[in-house]
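Peer 1: Quick one: structure below, then a few questions.
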Amino acid sequence: MSSLLETKIAARQHALREQGLLRQRKVLSVEHALNTNASTSSPRFVFEGRAYVNFSSNDYLGLSRAPELVEALHLGAQTYGVGSGASPLVTGYSDAHLALERELCDLTGHEAALLFCSGFSANTALMKTLFDQHDIVVADKLVHASIIDGLQDSGAQLKRFLHNSLESAERLLARHQTSALITESVFSMDGDCAPISELSALCRQHHTWLIVDDAHGFAVLDGYNNADAAKLIDVQVVTFGKALGCQGAAVLGSQALIDFLVSNAREYIYSTALSPANAALALAATQYSTAHPELQQKLLENIALFKQLCREANVPLLGSDTAIQPLIIGDARQTLQVAEELRAAGIWVGAIRPPTVPVGSARLRITLTAAHAAEDIMACVAQLTQVLSRVVVPLVTERQAADDHR
């Protein structure tokens, strides 16, 4: 006889499978990629003996395979060992961590920084530590799950404004005595950018903090990703697993905020620290990306090429100008079918389905990097056009997608 938990697990998995929403891991190999020149070859991996061009990675600048950063990790491990060995408040905080924190502060203008092992843990720790039941927080409707989870754990009252709507945000700020407004720099599922400068002005007017999850913008976007960032943003969360191509995250803000988190953030206090080797790698990646602006330029060129080819082929993208290029299909099963047919042609793209995105807005999430070759981008669009012509899908237009967010 099955236990209650076994019955619950089986029923839930069956329901997800029937809805086309079951998530499963796939074991990928990098042998093929390691035998190519990272500076001239599109990102590839091997799955079940076949090589695929990867259009689903957040490695926007292609740094995860840069030989200079492979060497930086090797040197970091030789210097510090492969682990930190303890919580940061015991013996896990080293000069490698301090050097990275100082570099991030120099880059953004913030007073202090605090390192975490992932962006998810940085966001949840910040939200559940900074806020409590006495706080009212307003947030963009499409902020990341880690922010929502952290706010729910905090007990704060959450008021959500319409996506990227200054008018909606201003109404909430005028109506409530808010502690903070939270948004993202680049939204991970739509690829669009928040109006940071305008939101900052609103927050200053209403004496509330602006908190920005900068996971997909850091080291990629121009504008506030420089020493002036702190003039616009009170708290900036950056991750190292996207454009920097490595691992970890940081919360950047005032010295008072960071001291408060060190004393009170349970995720920080009771977790083994990010390894010093990874901190040294993130420092090297930050410096490398700053010293090589041609990588950002190459990424912009690849984005422009992809969008141009899609316009010429009448492929209805969502309108993003960033590396994240969504194509909304709507139905989860049809989205999976399109992704699977692309894989049959050697093109690997993400099939994003509920609950990650709202029901009826399942999509292909095509991500571009500076490492993609023009030939592979052309091949991707050509195969995408062919697949869409074969598979009958009610493609959601940009206007319909915008209406969904309202």
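Residues in the sequence shown are numbered consecutively from 1380, following the working numbering. Each residue gets a CB set at the ideal place from its N, CA and C atoms; glycine is no exception. All figures in this text were calculated on a predicted structure; none of them were measured in a lab.
(1) Please determine if the region 1741-1749 and the region 1431-1439 are in contact, where contact requires at least 3 C-beta pairs separated by less than 8 Å.
(2) If you follow the beta strand (DSSP E) that residue 1403 is part of, which residue opens it and which one closes it?
(3) Between which two residues does the alpha helix (DSSP H) holding residue 1712 run?
(4) When the Cα of residue 1599 is compared with those of 1501, 1531 and 1623, which residue comes out closest?
(5) Below 8 Å on the Cβ atoms is my guess for residue 1653 versus residue 1496; work out the distance and round it to an integer in Å.
(6) How about residue 1503 and residue 1473: do their beta carbons lie closer than 7 Å?
(7) Tell me whether residue 1461 is buried or exposed, calling it buried when 16 or more other Cβ atoms sit within 10 Å of its Cβ.
(8) Quickly, what does DSSP pair residue 1572 with across the bridge? List them, please.
(9) Run the CB neighbour count on residue 1673, radius 10 Å, all protein chains shown included, and call it buried at 16 or more, exposed below.
(10) Here's the rule: buried if 16 or more other CB atoms are within 10 angstroms of the residue's CB, otherwise exposed. What is residue 1755?
(11) Can you check the region 1422-1459 for any beta strand (DSSP E) of at least 3 residues that lies completely inside it and give the ranges in chain order?
(12) Taking a contact to mean a Cβ-Cβ separation below 7 Å, would you say residue 1542 touches residue 1507 in this structure?
(13) Quick one: grab the DSSP three-state call for residue 1702.
(14) Going straight from the alpha carbon of residue 1411 to that of residue 1752, what length do you get?
(15) According to DSSP, is residue 1638 part of a helix, a strand, or is it coil?
(16) Should residue 1687 and residue 1696 be called a contact, given that it needs their Cβ atoms to be closer than 7 Å?
(17) On the DSSP letters alone, give me the boundaries of the alpha helix (DSSP H) that residue 1617 sits inside.
(18) Along the beta strand (DSSP E) that carries residue 1729, what are the first and last residues, could you check?
Peer 2: So, from the listed chains and residues:
(1) Cβ pair count under 8 Å is three or more, so yes.
(2) Locating residue 1403 in the sequence shown gives position 24, counting from the first residue. Premise fails: residue 1403 is in no beta strand (DSSP E) and is neither H nor E.
(3) Here residue 1712 is taken as the residue at index 333 of the sequence shown, counted from 1. 1711-1723 is the span of the alpha helix (DSSP H), which, as asked, contains residue 1712.
(4) For the purposes of this step, residue 1599 is taken as the residue at position 220 of the sequence shown. Ranking 1501, 1531 and 1623 by Cα distance to residue 1599 puts 1623 first.
(5) For this step, residue 1653 is matched to residue 274 along the sequence shown. For this step, residue 1496 is matched to residue 117 along the sequence shown. Indeed, because the Cβ distance is near 5 Å, the residues count as touching under 8 Å.
(6) Locating residue 1503 in the sequence shown gives position 124, counting from the first residue. Locating residue 1473 in the sequence shown gives position 94, counting from the first residue. No. Outside cutoff.
(7) Here residue 1461 refers to the residue found at position 82 of the sequence shown. With fewer than 16 other Cβ atoms within 10 Å, it is exposed.
(8) Stepping through the sequence shown from its first residue, residue 1572 is reached at position 193. Beta-bridge pairing links residue 1572 to 1565.
(9) The residue labelled residue 1673 in the question sits at position 294 within the sequence shown. Answer is exposed; the Cβ neighbour count stays below 16.
(10) Working through the sequence shown from its first residue, we reach residue 1755 at position 376. So residue 1755 ends up on the buried side.
(11) The region 1422-1459 contains these whole beta strand (DSSP E) runs: 1423-1426 and 1429-1433.
(12) As a first step, residue 1542 is located in the sequence shown; it is residue number 163 there, counting from the start. As a first step, residue 1507 is located in the sequence shown; it is residue number 128 there, counting from the start. At least 7 Å separates the beta-carbon of residue 1542 from that of residue 1507.
(13) The sequence position of residue 1702 within the sequence shown is 323, counting from 1. Residue state, collapsed to three classes: coil.
(14) The residue labelled residue 1411 in the question sits at position 32 within the sequence shown. The residue labelled residue 1752 in the question sits at position 373 within the sequence shown. Since pLDDT at residue 1411 reaches only 47, below the 50 mark, its modelled position is unreliable, and no value is offered.
(15) Within the sequence shown, numbered from 1, the residue matching residue 1638 stands at position 259. Helix.
(16) The residue labelled residue 1687 in the question sits at position 308 within the sequence shown. The residue labelled residue 1696 in the question sits at position 317 within the sequence shown. Going by C-beta atoms, residue 1687 is not nearer than 7 Å to residue 1696.
(17) Within the sequence shown, the letter at position 238 stands for residue 1617. Boundaries for residue 1617: no alpha helix (DSSP H) harbours it, while the beta strand (DSSP E) harbouring it runs 1614-1618, taken from the DSSP string.
(18) The residue you call residue 1729 lines up with position 350 of the sequence shown. Counting along the chain, the beta strand (DSSP E) containing residue 1729 begins and ends at 1729-1731.
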